[in-house]
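Undergrad: The opening residue of the sequence shown carries number 315 in my numbering; numbering runs sequentially from there.
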Amino acid sequence: MIEYRIDRRSGVATYLQLVHQTKHALRLGLLEPGDRLPTAREVVEALAINPNTVLKAYRELEREGLVAGRRGLGTFVRRSLGEGRATDARLRSELTTWMAQARAEGLEKDDITALFTAVLETLDAEQHGPGAPDSPRRTIQTDQGDEG
């Protein structure tokens, strides 16, 4: 079962952090169709957040067709986002090696994240062109509102 973590300093609404973490787990195969998500009560107790925040996240996931609520039973994964390609293991290994090298060079987690994101955005812009519908949008996160 997934264990959520909330970064109250990220500037990202709490419900979106739950949505993103769930999608991340689906992409990595940590959650599979049929798996039950933690109940709202379990998440509230673990994270000390408002129950409506959890319900909002689960409604968003349900709206996207990723999960389905079953009255009295809980919320269950309907479909995965990961394709389980054979190349994933090789790429993960190469990325792990790269990240270990970055750490050895003295980069912190935020430095690595910024570098990775910058390279990914550059590649996307080259493939889709600046301002194309599929190109990533730059957003600036603030330290406001940790619940949404």
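Cβ atoms here follow ideal geometry from the backbone N, Cα and C, with glycine treated the same way.
#1: Determine the extent of the alpha helix (DSSP H) in which Thr-367 is found, giving its start and end residues.
#2: Tell me the DSSP bridge mates of Arg-384?
#3: Within 10 angstroms of the Cβ of Thr-436, are there 16 or more other Cβ atoms? Answer buried if so, exposed if not.
#4: Between the stretch 425 to 440 and the stretch 363 to 370, are three or more C-beta pairs nearer than 8 Å?
#5: For the candidate residues Ala-403, Val-358, Val-433, Arg-355, whose alpha-carbon lies nearest to that of Gly-343?
#6: Tell me whether the stretch 315 to 325 and the stretch 344 to 357 touch, counting them as touching only if at least three CB pairs, one residue from each stretch, are closer than 8 Å.
#7: So Thr-328 packs on Ile-363, CB below 8 Å; how close in whole Å?
#8: Between which residues of its own chain and Pro-347 is the CB-CB distance below 7 Å, once the five residues before and five after are set aside?
#9: Mapping DSSP to helix, strand and coil, what is Glu-356?
#10: Is it right to say Ile-454 is buried, meaning 16 or more other beta carbons lie within 10 angstroms of its own, or is it exposed?
#11: Going straight from the alpha carbon of Gly-459 to that of Ala-416, what length do you get?
#12: Could you check the C-alpha separation between Arg-384 and Val-358 for me, to the nearest Å?
#13: Judging by CA-CA distance, which residue of Thr-389, Asp-321, Met-413, Arg-406 is the nearest neighbour of Arg-341?
TA: The answer reads as follows:
#1: Walking along the sequence shown from the start, residue 367 turns up at place 53. 365 to 377 is the extent of the alpha helix (DSSP H) around Thr-367.
#2: For the purposes of this step, residue 384 is taken as residue 70 along the sequence shown, with counting starting at 1. DSSP, once it has assigned bridges, lists Gly-388 as partnering Arg-384.
#3: Here residue 436 refers to the residue found at position 122 of the sequence shown. It counts as exposed.
#4: no
#5: Translated into the one-based positions of the sequence shown, residue 343 becomes position 29. Of the candidates Ala-403, Val-358, Val-433, Arg-355, the one whose C-alpha sits nearest the C-alpha of Gly-343 is Ala-403.
#6: yes
#7: If you number the sequence shown from 1, residue 328 lands on position 14. If you number the sequence shown from 1, residue 363 lands on position 49. Thr-328 to Ile-363, Cβ: 6 Å. Contact.
#8: The residue given as residue 347 occupies position 33 in the sequence shown. Hits under 7 Å: Val-391, Arg-392, Arg-393, Ser-394.
#9: In the sequence shown, counting from the first residue as 1, residue 356 sits at position 42. Of the three classes helix, strand and coil, the one that applies to Glu-356 here is helix, per DSSP.
#10: Looking up residue 454 in the sequence shown gives position 140. For Ile-454, the predicted model reports a pLDDT of 39, less than 50, meaning its position is unreliable and no value from the coordinates is stated.
#11: Mapped onto the sequence shown, residue 459 falls at position 145. Mapped onto the sequence shown, residue 416 falls at position 102. Unreliable placement is indicated for Gly-459, whose pLDDT of 43 sits below 50; no coordinate value is reported for it.
#12: Numbered from 1 along the sequence shown, position 70 holds the residue referred to as residue 384. Numbered from 1 along the sequence shown, position 44 holds the residue referred to as residue 358. Their Cα atoms are separated by approximately 19 Å.
#13: Along the sequence shown, read from residue 1 onward, the residue named residue 341 stands at position 27. It is Arg-406.
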